[in-house]
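Below: the structure, in structure tokens.
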Amino acid sequence: MAQIDEIAPDLYRVSIYAPQFDLQFNHFLIKDDEPLLFHTGMRRMFPEVREAIATLIDPADLRWISWSHFEVDECGALNEWLAVAPRAQAVCSQVGAAVNIDDFANRPPRGLTKDEVIDTGRHRYRFVPTPHLPHGWDAGVLFEENSGVLLCSDLFHQIGDVEPVTSTDVLGRWDAAIAAYQQHPVLMDYVPLTPNTRRRLNELADLQPKVLAAMHGSTFVGDGGAALRAAADVLQRRLGAVPAGVDAPVVA
1 MAQIDEIAPD
11 LYRVSIYAPQ
21 FDLQFNHFLI
31 KDDEPLLFHT
41 GMRRMFPEVR
51 EAIATLIDPA
61 DLRWISWSHF
71 EVDECGALNE
81 WLAVAPRAQA
91 VCSQVGAAVN
101 IDDFANRPPR
111 GLTKDEVIDT
121 GRHRYRFVPT
131 PHLPHGWDAG
141 VLFEENSGVL
151 LCSDLFHQIG
161 DVEPVTSTDV
171 LGRWDAAIAA
181 YQQHPVLMDY
191 VPLTPNTRRR
201 LNELADLQPK
211 VLAAMHGSTF
221 VGDGGAALRA
231 AADVLQRRLG
241 AVPAGVDAPV
251 VA
């Protein structure tokens, strides 16, 4: 059964815990004049997520449906939502629209450019492209300019059935999740470390977010900028070492 919590003004976290993965799947509804759903969820979860959303708004009233990157938990149920919400439009990065959603979606999407805003009424969500962060060429996040909410997708991914909101350190939980996934035969390397990773995290930190709404795990309330800067160190420590049996490059 989905758990619903208001984690910021007009922002609802609809969470489903999947024990087989030991993981929460969080979907975020902005309840406003033009309601926005961030993360559609998987197709198999659609009935449960729809039922939960229906306790907050009429699903037919959805206006915007968005996500970070092309993945089943991010946008797998997009067409199911488009079917129940006749005025809704998918919004994603221009890359995502061009390489995936133009063909995948049953209605044309809106491809967002850097700093383009989705105005829901009382709230303004600015699009920030983040290629390959957390992963995916098409990745991006949404930042609410007034409340300081960052819808940050798989950044700060946490394992377990944790509390809806925390003000304590989420870096340790994310570090533990990355360490565990690096030992998994299938899920390893789900977050790439690229030459742009630290710069992109610092750019997000410069937004000075106060709320980090993670897709998996607790929403963090506090100094989001400091957490994002420190996240680069977590990734460098976990992913930056030369693997065993591989010689480090020689620098002349």
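So that you can map any letter, position 141 of the sequence shown is 141 in UniProt numbering, and since no number is skipped, the others follow by simple counting.
Note that beta-carbon positions come from the ideal geometry of N, C-alpha and C, so glycine has one too.
In this text, all values refer to a predicted model and were calculated from it rather than measured experimentally.
- Looking at the DSSP output, ARG13 sits in a beta bridge with ASP5, PHE28.
- In the DSSP assignment, no residue is bridged to GLU163.
- When C-alpha distances from LEU171 are compared across PRO129, GLN183, ALA232, the shortest belongs to ALA232.
- Secondary structure at TYR190: coil, using DSSP grouped into helix, strand and coil.
- Note on VAL95: 16 or more other CB atoms within 10 angstroms of its CB, so buried under the neighbour-count rule.
- Check the Cα spacing between THR197 and each of PRO129, ALA88, MET42, ALA2: the tightest is with PRO129.
- Minimum Cα-Cα distance from LEU36 among the listed residues ALA85, GLY140, SER15, ALA18 corresponds to ALA85.
- CA-CA distance, ASP223 to GLN208, rounds to 7 Å.
- In the DSSP assignment, ARG198 falls outside any beta strand (DSSP E) and within the unbroken alpha helix (DSSP H) covering 197-205.
- Taking a C-beta distance under 7 Å as the contact criterion, PHE143 and LEU212 do not qualify as a contact pair.
- Distance check between ASP169 and each of LEU56, TYR12, ARG200, ALA230 places ALA230 closest, using alpha-carbon atoms only.
- The alpha helix (DSSP H) runs lying completely inside the stretch 29-96 and spanning 4 residues or more are 46-53, 72-75, 78-84, given in chain order.
- Here the C-alpha atom of TRP137 lies approximately 16 Å from the C-alpha atom of ASP102.
- A distance below 7 Å between beta-carbons, with the five flanking residues on each side excluded, links GLY160 to the following residues of its chain, in chain order: ASP22.
- In the structure shown, LEU228 falls within a helical segment according to DSSP collapsed to helix, strand and coil.
- Contact between the stretch 35-55 and the stretch 71-90 is present: 3 or more CB-CB pairs across the two stretches fall below 8 Å.
- THR219 is bridged by DSSP to VAL165.
- With respect to the 7 Å criterion, LEU228 and LEU204 are classified as neighbours on the basis of their beta carbons.
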